[in-house]
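*Asks:*
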Amino acid sequence: MSILKQHRCPSRSLTHIPTSPRLHLVARLTCSATTTTTKPKSSQNQLVIEPRLETKPDSITPIIPSVGPPLSNDPSLQSTWSHRAWVASGCTTLFFSLAKTVTGAADTHMWFEPIVAGYVGYVLADLLSGVYHWGIDNYGDATTPIFGSQIEGFQGHHKWPWTITRRQFANNLHALARSITLTVLPIEILCNDPVIQGFVIVCAGCIMFSQQFHAWSHGTKSKLPPLVVALQDAGVLVSRSQHSAHHRPPYNSNYCIVSGVCNEFLDKNKVFEALEMIIFFKLGVRPRSWSEPGAEWIEEMDEAQSQVTVH
Ligand SMILES: [Zn+2]
Ligand SMILES: [Zn+2]
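Note that the UniProt record's numbering gives residue 18 to position 18 of the sequence shown, counting from 1, and the numbers run on in steps of one.
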């Protein structure tokens with residue numbers, strides 16, 4: 001999605017050093033591997049304390065926004081006819097998938113299974129949104145093929161989170177709508193199973209609208225539709241309070257933006273930290289969240305509207 005260019009997930013503080021014996025060992029190994037060439041070893045204790053705060057350049061380049069936040073009438077926040085066309089095609093695809101699910105369920109007198117499949121799709125969509133968000137927050141840059149604009153956009157989002165609330169609907173959703181159209185349409189044409197269709201419609205629908213759910217999580221309660229606030233408060237949609245934690249130090253939690261139902265499990269079990277360790281030791285690629293954030297990455301307040309980010 002073409003958010004702005006922003007985002008930078010600062011680092012993990014010392015309190016975020018993995019606490020399990022295995023991961024703690026890894027943290028120590030990381031430290032010794034990265035500091036011996038840059039700092040004298042004055043004592044063993046110092047070596048252990050330094051973990052993720054080393055200033056050695058990462059193997060990925062931080063994306064630093066070079067311009068300020070867009071004004072509310074900035075063309076980059078406006079929807080184009082191309083954006084609207086992709087959102088319309090995505091909604092049409094979802095509508096026909098839903099119709100096919102209902103028709104199939106009615107013909108086979110099978111309602112329970114498609115509903116359960118839909119619930120699984122709802123949970124999976126939240127998980128996938130978290131995995132994707134974690135990936136583009138931490139790896140690659142604006143020059144990365146296919147995902148470059150997404151990475152740049154999410155980097156900018158961390159710098160100026162409030163701008164997502166000023167982005168027009170189709171502008172915010174068109175990239176996901178295009179992906180959903182291109183992936184769901186073949187399934188819709190080839191598959192007649194109402195259970196599979198039930199899973200696909202809910203999962204794809206939640207993914208396509210995840211950026212809208214994300215935008216609402218940055219909204220001010222008094223300005224959001226009452227139904228949206230009720231769904232957020234009920235945990236059906238990602239809540240404002242939960243997503244605000246993603247925009248606070250250490251900037252490495254609460255990545256899921258559909259319902260947020262997976263966030264607690266992922267964060268408590270340090271799933272993403274474990275994946276980062278595996279990627280680092282297998283590929284030598286360091287996630288952005290391991291680097292100490294520079295001032296250029298700290299969220300700027302919206303001067304025009306100080307109640308800005310999430311409440
Ligand atoms: Zn993020
Ligand atoms: Zn956000």
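The beta carbon of each residue, even a glycine, is placed where N, CA and C say it ideally should be. On a predicted model such as this, the values are computed, not experimentally measured, just so you know.
1. Measuring alpha carbon to alpha carbon, tell me which of Ser79, Gly90 and Pro114 ends up nearest threonine 101.
2. How is the alpha helix (DSSP H) around arginine 240 delimited, first residue to last?
3. Determine the DSSP secondary structure at asparagine 192, reduced to helix, strand or coil.
4. How many angstroms separate the CA atom of threonine 80 from the CA atom of alanine 170?
5. Only counting the same chain, and skipping five residues up and downstream in sequence, which positions put a Cβ closer than 8 Å to that of cysteine 256?
6. According to DSSP, is tyrosine 255 helix, strand or coil?
7. For leucine 176, tell me which candidate among Gly135, Gln197, Thr144 and Gln212 has the shortest Cα-Cα distance.
8. Please report the residue range of the alpha helix (DSSP H) in which glutamine 78 lies.
9. Using only CA atoms, which one of His218, Tyr139 and Phe96 lies nearest to arginine 167?
10. Taking the beta carbon of tyrosine 251 as the centre, do at least 16 other beta carbons fall within 10 Å, making it buried, or is it exposed?
11. Counting pairs of Cβ atoms below 8 Å between the stretch 277–291 and the stretch 137–147, do you hit three or more?
12. Can you look up glycine 140 in the DSSP assignment and give me helix, strand or coil?
13. Quick one: using the 10 Å Cβ neighbour count with 16 as the cut-off for buried, is tryptophan 162 buried or exposed?
14. Under 9 Å, do threonine 181 and glycine 90 count as touching if we go by C-beta distance?
15. Ordered along the chain, which non-local residues of its own chain (more than five positions away) have a Cβ less than 7 Å from that of glycine 205?
16. Pull up the distance between the alpha-carbon of threonine 36 and that of cysteine 203, whole angstroms please.
17. Name the two residues that bound the continuous alpha helix (DSSP H) containing isoleucine 279.
18. Can we count phenylalanine 272 as close to ligand 1, meaning its CB is less than 8 Å from some heavy atom?
19. How would you label arginine 248, buried or exposed, when you count the other beta carbons within 10 angstroms and need 16 or more for buried?
20. To the nearest angstrom, report how far apart isoleucine 189 and methionine 110 are at their CA atoms.
21. Is the closest heavy atom of ligand 2 to the C-beta of serine 210 under 8 Å?
22. Which class does asparagine 73 belong to by DSSP, given the choice of helix, strand or coil?
23. When DSSP labels each residue in this structure, what does threonine 93 get in the three-state scheme?
24. Using the rule of at least 16 other Cβ atoms within 10 Å of the residue's Cβ for burial, across every protein chain shown, is serine 222 buried or exposed?
25. If we ignore side chains and look at the alpha-carbon of each, how far apart do residue 313 and serine 253 end up?
26. If you draw a straight line from the C-alpha of threonine 108 to the C-alpha of histidine 157, how long is it?
27. So, helix, strand or coil for phenylalanine 265, using DSSP?
28. Closer than 8 Å to a non-hydrogen atom of ligand 1 - does that hold for the CB of histidine 158?
*Replies:* For this structure:
1. Selected option, being the one with the closest Cα: Pro114.
2. 240–246
3. coil
4. 8 Å
5. Asp126, Leu127, Ser129, Gly130, His133, Val238, Cys262, Asn263 and Leu266
6. coil
7. If we check each option's Cα against that of leucine 176, Gln212 comes out closest.
8. It is not in any alpha helix (DSSP H) - glutamine 78 carries neither H nor E in the DSSP assignment.
9. His218
10. By the Cβ-count criterion, tyrosine 251 is buried, with 16 or more other Cβ atoms from all chains shown falling within 10 Å of its own Cβ.
11. yes
12. coil
13. buried
14. yes
15. Leu94
16. For threonine 36, the predicted model reports a pLDDT of 38, less than 50, meaning its position is unreliable and no value from the coordinates is stated.
17. Bounds of the alpha helix (DSSP H) holding isoleucine 279 are 271–283.
18. For phenylalanine 272, the shortest C-beta to heavy atom distance toward ligand 1 is 8 Å or greater.
19. exposed
20. Approximately 20 Å, taken between the alpha carbons.
21. no
22. coil
23. Threonine 93 carries a helical assignment under DSSP once its states are collapsed to helix, strand and coil.
24. exposed
25. As shown, the chain starts at 1 and ends at 311. That puts residue 313 outside it, with no answer to give.
26. 46 Å
27. helix
28. yes
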